[in-house]
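Quick note: the sequence shown, position 2, residue -12 per the numbering used here, numbers continuous. All C-beta atoms, glycine included, are put in the ideal place defined by N, C-alpha and C. Since the structure is predicted, the reported quantities are computational estimates derived from the model, not experimental observations.
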Amino acid sequence: MATLGWVKEAFQSARTDNLINSSNYSIINNVTKSRNNLAYMLPFSILTTIVNGLVCYAIRKRGLLRLSIYSFIFNMCISDILAPVAITINSFIINEIQLQNKLLYEISCKFFNYVLTVSMAVSMISFTIMAVDRFYITVLRKRRRLLFSSKRSVRLTIFCIWLHGIITSIPVLQIMAMVYEPNRACDIIYVGDYYNIPFFTFFLIINYFIPVLITAILYIFIVIRLKIAVMASLPYGRTVPPVIYVNKRKAINTIKMIATTTVFYVLTSFPYVVIMLILSDAKVSMIELRRKGPVYSLLITLGFLMSALSCIENAIVCVVMSKELRKTIINSLRTLFGRKTVHYRIHVKQK
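The structure is reproduced here in structure tokens:
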């Protein structure tokens, strides 16, 4: 999700040894922190890429891209992979250039924040589109005329989702102002000018609050419809109405998977939204807000650590709740490690 990059902020309070000369303290401390950020983020980025990559592989291997739901899940996994890659590249650049090249420094810092913002927008809109798709099938009973009846319609929708995220996130570049001081690598401040606050509020409304509200309302209708359908099937041995068009259990499990993923994502990304609102209203940078007290620092750290999970939790929940994905990944890993074991044994025997 999109908000993984903010976890670097949690580690920017690391201190250097007392052996550092006071005249070089700022420079060496800045280098040390940048390297610590890279050391912390690189393993997590690799793990996030592997987990999301496995889900993408399982979806393609199983041939699930023909289903609209799994196409959107595949799209979100790609979005979650881009976020840690952008963070790692940014950490590497900051580690190398420091403040020597302010133009490259600003481009790198703003670019990775922009990528994270786009990733969050893509994920939230994708969740809403999936809820609309399930509502269309479950509540409106449009089983003969699907909302996404062809691959072309799915691809066009995914293209529009990315285009929406890219365009609506552009004002964030204007809102962010860089702080060019030692020990504050990529410390940003959301400028609270009279024209920036409306842009910032507009972005959060269309990319977070409205999608969350629409998704919640649609799932309420879906749950009510499913309860009515199940209760209607109990008396006199009647069958379930044609509200679920393929298989009752399979369709319900799919809805549960999407709903669970949505709930987890909303809960873990909410602290990021709150922190951005606080920064824009207070007109202070992240580190300045941390320095106001240990309570602020702790809450920001916990909030960003929770938000960091949004880039990996979608894939994990899908694997846990989807039997098809789980089975495909397990079989693929068994085949991979089985082949390596056989090759190793043959190599040992030849020696």
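- Per DSSP, the continuous alpha helix (DSSP H) segment holding Phe290 begins and ends at 280 to 294.
- Rounded to the nearest whole angstrom, the C-alpha separation of Met307 and Asn239 is 8 Å.
- Assignment of Ser271 by DSSP, reduced to helix, strand and coil, places it in the strand class.
- Taking a 10 Å sphere around the C-beta of Pro257, we find 16 or more other C-beta atoms and assign the residue as buried.
- Counting only runs of 4+ residues, the alpha helix (DSSP H) found wholly inside the segment 85 to 159 occupies 88 to 124, 137 to 154, in chain order.
- Taking Thr254 as the centre and dropping the five residues before and after it, the same chain places the C-beta of Met292, Ser293, Leu295, Ser296, Glu299 closer than 7 Å to its C-beta, in chain order.
- A straight-line Cα-Cα distance of about 26 Å links Ile115 and Ile36.
- When DSSP reads this structure, Met243 sits in no beta bridge, so it has no partner.
- When only Cα atoms are considered, Thr143 and Ser65 end up about 15 Å apart.
- Our two residues, Leu50 and Phe60, have alpha carbons roughly 10 Å apart in a direct line.
- Burial is judged here by how many other beta carbons sit within 10 angstroms of a residue's own beta carbon; Pro70 has at least 16 and is buried.
- Nearest to Trp148 by alpha-carbon distance, out of Val104, Gly279, Phe121, Pro157, is Val104.
- Residue burial annotation: Ile45 is buried, with at least 16 other C-beta atoms found within 10 angstroms of its C-beta.
- Comparing alpha-carbon positions, the option among Ile32, Phe58, Pro29, Ser31 lying closest to Cys304 turns out to be Phe58.
- The Cβ atoms of Ala237 and Tyr205 do not sit closer than 8 Å to each other.
- Short of 7 Å from the beta carbon of Thr201, and not among the five residues preceding or following it, lie these beta carbons of its own chain, in chain order: Phe113, Thr114, Ala117, Thr248.
- Just measuring C-alpha positions, the residue of Gly279, Leu53, Ile264, Ile302 sitting nearest Val140 is Leu53.
- Relative to the Cα of Cys42, the nearest Cα in the group Ile208, Leu311, Ser31, Leu322 belongs to Leu311.
- In this structure the segment 89 to 104 lies against the segment 67 to 81, because at least three pairs of beta carbons, one per stretch, are closer than 8 Å.
- The C-alpha of Ile191 is placed about 26 Å away from the C-alpha of Arg276.
- With contacts defined as CB atoms closer than 8 Å, Pro197 and Ile111 qualify as a contacting pair.
- By the criterion of a C-beta distance shorter than 6 Å, Ser283 is surrounded in its chain by Arg276, once the five residues flanking it on both sides are discounted.
- Annotated as proximal: Ile208 and Phe121, with beta-carbon spacing under 8 Å.
- The beta carbon of Arg48 sits closer than 6 Å to the beta carbons of Glu310, Thr314 from its chain, once the five residues preceding and following it are set aside; these are given in chain order.
- The beta-carbon distance between Ile153 and Phe186, rounded to whole angstroms, is 15 Å. This is too long to meet the 8 Å contact definition.
- Taking a contact as a CB-CB distance under 8 Å, the pair Leu159 and Tyr91 does not count as one, their CB atoms being some 15 Å apart.
- Residues Val104, Ala107, Val108 of the same chain have their beta carbon placed closer than 6 Å to that of Gly151, with the five preceding and five following residues left out of the count.
- In the displayed model, Gly39 falls within a helix according to three-state DSSP.
- The three-state reading of DSSP puts Leu53 in coil, since its state is none of H, G, I, E or B.
- Rounded to whole angstroms, the separation of the alpha carbons of Phe250 and Ile156 is 27 Å.
- Beta-carbon to beta-carbon, Leu212 and Thr124 are separated by about 7 Å, close enough to satisfy the 8 Å threshold.
- Beyond the five residues adjoining it in sequence on each side, Thr34 comes within less than 6 Å, by CB distance, of Pro70, Cys297, Ile298 in the same chain, given in chain order.
- Scanning Ser271, Met27, Met62 for the CA closest to the CA of Gly39 turns up Met62.
- In this model, Ile273 and Tyr194 are separated by some 25 Å (Cα to Cα).
- Taking the C-beta atoms as reference points, Thr74 is found no nearer than 8 Å to Leu102.
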